[in-house]
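Trainee: Chain order of the listed sequences is A and B.
Offset between the first sequence (1-based) and the working numbering: plus 13.
Offset between the second sequence (1-based) and the working numbering: plus 13.
Virtual Cβ for every residue (Gly too), placed ideally from N, Cα, C.
Protein chains: 2
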Amino acid sequence: MFWLSNRPIFVHPFDMSDPKSKFTVSCQECGLNALCLPYSLTLEEIDQVDQTVKRNKPLHRSESVYQSGDRFTSIYAVRSGAIKAYSIDEEGEEHVIGFYLPGEIFGLDAIDAQSHLSAAKALETTAICEIPYEQVGHLSGKIHNLQAHMYRLFSREIRADQQIQILLGKKTAEERIGAFLLNLSQRYSQRRLSATKFRLPMARTDIGNYLGLAVETVSRVFTRLQKHHVLKVDGKEIEILNHKKLCELSHNECPLL
Amino acid sequence: MFWLSNRPIFVHPFDMSDPKSKFTVSCQECGLNALCLPYSLTLEEIDQVDQTVKRNKPLHRSESVYQSGDRFTSIYAVRSGAIKAYSIDEEGEEHVIGFYLPGEIFGLDAIDAQSHLSAAKALETTAICEIPYEQVGHLSGKIHNLQAHMYRLFSREIRADQQIQILLGKKTAEERIGAFLLNLSQRYSQRRLSATKFRLPMARTDIGNYLGLAVETVSRVFTRLQKHHVLKVDGKEIEILNHKKLCELSHNECPLL
DNA sequence: GAATGAAAATGATCTGCGTCAATGTTGGTT
DNA sequence: AACCAACATTGACGCAGATCATTTTCATTC
């Protein structure tokens, strides 16, 4: 898979307080391009993509990218920070659909209906790239590799959703949380961040909501895993002390290590 | 949405016992083309698609289209019958991922890895169209409408998976089964089949597995709904007696009616 | 650094659904 | 037509995790 290539991936954080801060880095310069662009574009092609990308001012925590009901115009890539996708049902209940980290693409679910049925908001200060969907269609018609890349992106998203389906349908609270943490760990390590020590960008409520568990259960499992020296939990700071054990209790095949 | 267009959709069943049976109908003749092809292709374009489609002999019940581990070569459309997609975990447990009815496309989840991690088998005598993925890439590069159509298909699949995610994470047994039946009902009615009376192509076990419920629970909910005159259940034959009530107890917005 | 509200943790209790066990039903095979 | 195996139904019981209630910790803001 191209995103496991040996091309190094760096994350460029930037300073929100500096108005001239480089939240406008081009795709060429962006350390994440290995994640969101196909491997084999020519410089010229990358440039074409680059020109269509709108780079808006970073979002503050809890600012929204789009709301349910908004017309669909663009897809988005996370540059830094984290995004929560969710929907609100008739009873006003929130349902967390997913979390997106730097280098990941979101908004794909609205293409068919041409309007957003879900919403997306920033979990922390977050920079995103906006790519007008019209341009995606246009460019991927011209650049064959880009089209193939889009298909792969979609396919990967579908597969990920299927995994979650299994998680929600069949797994215990402990397995769900274990798998969730392993998944985050893996995604962070892809981004050349620590696989064992990271900060959860989302609240316990969001985790519970996403995993189909009550907040209290999330808390309890965290403390239990801590008691068994699998995790070290300090608020949102997580350290995985025993990766292997975490894999075992998740009944997940342990990917690396 | 294009598949709610007023183009009539007919299902052409065919006789398996007749070796000359028309399981080789062209896309032009196929009553389902409104479902699996974009609305706005020219006759010439449809012809191009038609030439790439492999129409193999129908599958018998429980014959498989592909197995986990198979190399990914093609995507598939159901022409008649029904397909179950599932995966088997390390412990040998089956996880039902989804069901596909005539006019629906499956196999999209394998594009990224280029190999099937899930399997697909026929739930009953089933005819499928096989479209080599290479051709999909090639044709959708040439035919812009086809590319757009593919993106919509993907998007729709993602959205459907998200709906199931919510179902599995938050809903009770009754809500899950209600929503499942309503979903089938809606899909059948799109195919110009009865929305109120249909035959379940899958076993109770599969329903339970798919919805994250024990078989026994599925049975119990069926009998309870029957007792309350919401359904009439006779083996696999289902009749929805009170559509509105079914919507209510599913906490689903009632689409038609 | 005190005050306030939100988020997190912990304990007690309740319940929906899974599990186990037994029986009934169906459809495919000889 | 009779047989068998897979499938479906029904009942009894127990438990994982929801819910409710309370306390503790954390993050803001004045």
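Cα-Cα, which of A:Thr236, A:Gln41, A:Pro71 is closest to A:Ile190?
Mentor: Selected option, being the one with the closest Cα: A:Thr236.
Trainee: Nearest to B:Gly221 by CA position, among A:Val246, A:Gly182, A:Phe167, is which residue?
Mentor: Nearest C-alpha to B:Gly221: A:Gly182.
Trainee: Among B:Asp63, B:Ser87, B:Ile177, B:Ala98, whose alpha-carbon lies nearest the alpha-carbon of B:Ile144?
Mentor: Answer by Cα proximity: B:Ser87.
Trainee: Quick one: using the 10 Å Cβ neighbour count with 16 as the cut-off for buried, is A:Ala90 buried or exposed?
Mentor: By the neighbour-count rule (16 or more Cβ atoms within 10 Å), A:Ala90 is buried.
Trainee: Would a check of beta-carbon distances place A:Phe112 closer than 8 angstroms to chain B?
Mentor: A:Phe112 does not count as touching chain B.
Trainee: For B:Ser168, go through chain A and note every residue whose CB falls closer than 9 angstroms to its CB, in chain order.
Mentor: Ordered by position in chain A, the residues that pass the 9 angstroms Cβ test against B:Ser168 are Leu121, Asp122, Ala123, Ile124, Asp125, Ala126, Phe167.
Trainee: For A:Asp125 versus B:Arg204, is the C-beta distance shorter than 8 angstroms?
Mentor: Cβ distance not < 8 angstroms, so A:Asp125 and B:Arg204 don't count as in contact.
Trainee: For B:Arg68, write down the residues that DSSP places opposite it in a beta bridge.
Mentor: Note: B:Arg68 sits in a beta bridge opposite B:Cys142.
Trainee: For the beta strand (DSSP E) that B:His108 lies in, which residues bound it at each end?
Mentor: Run containing B:His108: 107–113, per the beta strand (DSSP E) assignment.
Trainee: In the region 94–109 of chain B, which residues sit with their C-beta less than 7 angstroms from some C-beta in chain A, listed in chain order?
Mentor: Listed by position, the residues of the region 94–109 of chain B near chain A (Cβ gap below 7 angstroms) are Glu103, His108.
Trainee: For a cutoff of 8 angstroms on Cβ pairs, would you count A:His256 as touching chain B?
Mentor: No, A:His256 lies away from the interface with chain B (no Cβ there is under 8 angstroms from its Cβ).
Trainee: Quick one: list the residues of chain B neighbouring A:Ser153, beta-carbon separation under 8 angstroms, in chain order.
Mentor: Per Cβ cutoff of 8 angstroms: Gln160.
Trainee: Tell whether a beta-carbon distance below 8 angstroms holds between A:Gly120 and A:Ala135.
Mentor: No; because the gap between Cβ atoms is not below 8 angstroms, this pair is not in contact.
Trainee: Assuming B:Asn265 and B:Leu159 make a contact with CB atoms under 8 angstroms, what is their CB distance in whole Å?
Mentor: B:Asn265 to B:Leu159, Cβ: 33 angstroms. No contact.
Trainee: For B:Tyr99, which of helix, strand or coil comes out of DSSP?
Mentor: Reduced to three states, the DSSP call for B:Tyr99 is strand.
Trainee: Do B:Gly105 and B:Thr139 come within 8 angstroms of each other at the CB atom, strictly closer than that value?
Mentor: Taking 8 angstroms as the Cβ cut-off, B:Thr139 and B:Gly105 do not qualify as a contacting pair.
Trainee: Please tell me whether B:Gly111 and B:Ala123 are closer than 8 angstroms, where the distance is taken between their beta carbons.
Mentor: No, they are not a contact pair.
Trainee: Measuring only between beta-carbons, confirm whether B:Asp174 sits less than 8 angstroms from chain A.
Mentor: Yes, B:Asp174 counts as interfacial toward chain A.
Trainee: Distance check for A:Leu45 and B:Leu226, CA to CA, integer angstroms please.
Mentor: B:Leu226 and A:Leu45: Cα-Cα distance of roughly 41 angstroms.
Trainee: Chain B partners of A:Leu48, CB-CB under 7 angstroms?
Mentor: Going along chain B, no residue has its Cβ under 7 angstroms from A:Leu48, so there is no contact; the nearest lies around 13 angstroms.
Trainee: Can we say the region 145–153 of chain A touches the region 55–68 of chain A, given the rule of at least three CB pairs closer than 8 angstroms?
Mentor: Yes: the two stretches touch, three or more of their Cβ pairs being nearer than 8 angstroms.
Trainee: Please compile the residues from chain B whose C-beta is within a distance smaller than 7 angstroms of the C-beta of A:Glu266.
Mentor: The answer, in chain order, is Glu103.
Trainee: A:Lys183 versus chain B: which residues are under 8 angstroms apart at the beta carbon?
Mentor: Glu106, His108, Gly225, listed in chain order.
Trainee: List the DSSP bridge partners of B:Leu244.
Mentor: Answer is B:Ile253.
Trainee: Compute the beta-carbon to beta-carbon distance between B:Arg212 and B:Glu188, rounded to the nearest angstrom, for a pair I have assumed lies under 8 angstroms.
Mentor: B:Arg212 to B:Glu188, Cβ: 23 angstroms. No contact.
Trainee: Roughly how many angstroms lie between the CA atoms of B:Cys40 and A:His157, to the nearest whole one?
Mentor: Answer to the nearest angstrom: the Cα atoms are 26 angstroms apart.
Trainee: Classify B:His129 as buried or exposed, calling it buried when 16 or more other Cβ atoms lie within 10 Å of its own Cβ.
Mentor: Result: buried.
Trainee: Tell me which residues share the same chain as B:Leu197 and place their Cβ nearer than 7 angstroms to its Cβ, disregarding the 5 neighbours each side in the sequence.
Mentor: Excluding positions up to five away in sequence, the list reads Phe211.
Trainee: Please classify A:Lys184: does DSSP put it in a helix, a strand, or coil?
Mentor: A:Lys184 falls in the coil class under three-state DSSP.
Trainee: Is B:Asp219 closer than 8 angstroms to B:Val109 when the C-beta atoms are compared?
Mentor: For B:Val109 and B:Asp219, yes; Cβs fall inside 8 angstroms.
Trainee: What does a CB cutoff of less than 8 angstroms around B:Met163 pick up in its chain, not counting 5 residues either side in sequence?
Mentor: Taken in chain order, the residues that qualify are Val149, Ser153.
Trainee: Helix, strand or coil for B:Phe235 per DSSP?
Mentor: The answer is helix: DSSP assigns B:Phe235 an H, G or I state.
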